[in-house]
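Below is one structure, written out as structure tokens; the observations come after it.
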Amino acid sequence: MKGLSSAPGDYVHFKSQVPLHKISIGSKQWRYYDFGPKSVPPLICIPGIAGTADVYYKQIMSLSLKGYRVISIDIPQVWNHHEWIHAFEKFLDTINVHHVHLYGTSLGGFLAQIFAQHRPRRVKSLVLSNTFLETHKFAAAMPWSPLVSWTPSFLLKRHILTGIHDGPHEPFIADSVDFVVGQVEKLSREDISSRLSLNVNVTSVGPLLLPDSLITIMDTNDYCAVPQELKDQVSERYPGARRAVLKTGGDFPFLSRPDEVNLYLQESKQNQISCKAFQETVVPGVLVMRKKVEGTWISPQKTMVALGHMMVVVISLKLRDLKSMVWMIRS
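Following this line, the structure appears as structure tokens:
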């Protein structure tokens, strides 16, 4: 892809409708799209190493029409995970966003989990796609990582592109690969080297305060650059999470299977709302129990807590009735 003239027609339409924002916050440059009603907490899309804010254009166009606010970002030039947490928080403060839903793919999913771990009050739900919990395997596979900041741009891009499955592809997957390759060509050497540094700095995701019921794991079942054993670790860490398995889609299902991905993103948001409603709905004498999407009941532990609340309500009502009867006898 050499330019906008050779881009897909729906992408050309997207560029004509949705403005690209660029802001500087301290020493960090942020490039992002922000589309949809500003009155609702946004879904923020975080790409992998090879992605840019543009790769989620199909999510922006589709979900914004359904009343969702979607923000798609480029990962700025940050070199470690603590720097990412502080930079992303400052970005949210600058655009006046307090609570977010995060959709992260590959490295973006890892960064979404890191942020949710350290800033739990700001994250309302997570959608994790083809991602991982720790970076040890990537660090071991890249022994030259200490030299990444001095490596020429063409070698860095070659390293990224060799990680993308080279086919043969179904047409829709081939188109998604072509689009992402075009985006990689637009990245600077500093952009790529900082992302590779995030991918190989040895660290792992710690425990999250976010309940599993507010996490969706959306993986492709054919192939992707993230090894299957690392994806399995994510599923094992969040056993109560919703599962959304795409039979095909490759590394970039948000481009190759946008209708399915968008449907799962909508269900994830609706699931977050229903879970919140369950947690907040306890009325005198009545306990309203709600199911998760796809018929999975909430955890037994949360059920017991809710039943405890109900017993307190019932006992308080009985005491109130007893007091009323004593008052009537005395009268």
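According to the UniProt record's numbering, the stretch in the sequence shown is residues 1 to 331, in order.
By construction, the Cβ of each residue, glycine as well, lies at the ideal position given by its N, Cα and C atoms.
- Linking F254 to K38 through their CA atoms gives a straight-line distance of about 23 Å.
- L133 is not a Cβ neighbour of Q266, given a cutoff of 9 Å.
- Just so you know, the alpha carbons of V55 and T216 end up roughly 20 Å apart.
- With respect to T105, F252 sits close: the two C-beta atoms are nearer than 9 Å.
- Close CB contacts of E89 within its chain, under the 7 Å cut and outside five residues either way in sequence, are with R119 (chain order).
- Membership of V234 in the alpha helix (DSSP H) is indicated by the continuous run Q228 to R237.
- Restricting attention to A140, T135, Q113 and Q117, the CA atom closest to the CA of V127 is found in Q113.
- Comparing C-alpha distances from S24 to each of I60, A7, G51 and T94 shows the shortest one belongs to T94.
- For F35, the secondary structure class from DSSP, reduced to helix, strand or coil, is strand.
- In this structure, the alpha-carbon of G109 lies about 11 Å from that of D219.
- Approximately 6 Å separates the beta-carbon atoms of V97 and P42; this is inside 8 Å, confirming the contact.
- Between S213 and G240 the beta-carbon gap is near 6 Å, inside 8 Å, which marks them as a contact.
- I46 and L111 do touch by the CB rule: their CB atoms are close to 6 Å apart, below 8 Å.
- As a beta-bridge residue in DSSP terms, H21 pairs with Y32.
- Counting C-beta atoms within 10 angstroms of its own C-beta, P227 has fewer than 16 neighbours from the protein chains shown and is therefore classed as exposed.
- For M218, the beta-bridge partners assigned by DSSP are A244.
- Taking the C-beta atoms as reference points, S235 is found nearer than 9 Å to R243.
- Its chain contains V148 as the residues whose beta carbon lies nearer than 6 Å to that of L196, once the 5 sequence neighbours on both sides are disregarded; these appear in chain order.
- In the structure shown, K90 adopts helical secondary structure according to DSSP, grouped into three states.
- The beta carbon of C224 lies closer than 7 Å to those of N130, G250 and D251 in the same chain, with the five residues before and after it left out.
- S27 and I85 have their C-alpha atoms some 15 Å from each other.
- With contacts defined by Cβ atoms closer than 9 Å, P76 and W30 form a contacting pair.
- Here H82 carries a helix assignment [DSSP, helix/strand/coil].
- With fewer than 16 other Cβ atoms inside 10 Å of its own Cβ, H82 counts as exposed.
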